[in-house]
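Accompanying notes for the structure given below.
Numbering (our numbering), first residue to last: 1 to 58.
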C-alpha cells in the first residue's frame, strides 16, 4: 500500500496554531532546508556534489 495516496485526515476538533504576520519570501531557506544543507556540506569539503563530468577545455 502506498501511503502517499492517503489523504490528510482533518477533524473538526483538531488543534492548530496560527501566526499573524508577513510570509517569508519564496526563496527563504526555511522552505528548502535540504538545499541549504547541501551548501553547508560543500563548505565542509566532504561532499561529492561537484561537477559530474570532467572539464575537457581545462
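No residue lacks a Cβ here, since even glycine has one placed at the ideal position from N, Cα and C.
Determine the direct distance from the alpha carbon of residue j to that of residue i, and round the result to whole angstroms.
i, j, result
"residue 12", "residue 36", "36 Å"
"residue 38", "residue 27", "15 Å"
"residue 29", "residue 41", "15 Å"
"residue 32", "residue 54", "29 Å"
"residue 10", "residue 4", "16 Å"
Residue i: buried (16+ other C-beta within 10 angstroms of its C-beta) or exposed?
i, result
"residue 47", "Reliability fails at residue 47, whose pLDDT of 46 lies under 50, so the model's placement of it is uncertain and the value that follows must be treated cautiously. Exposed: under 16 other Cβ atoms inside 10 Å."
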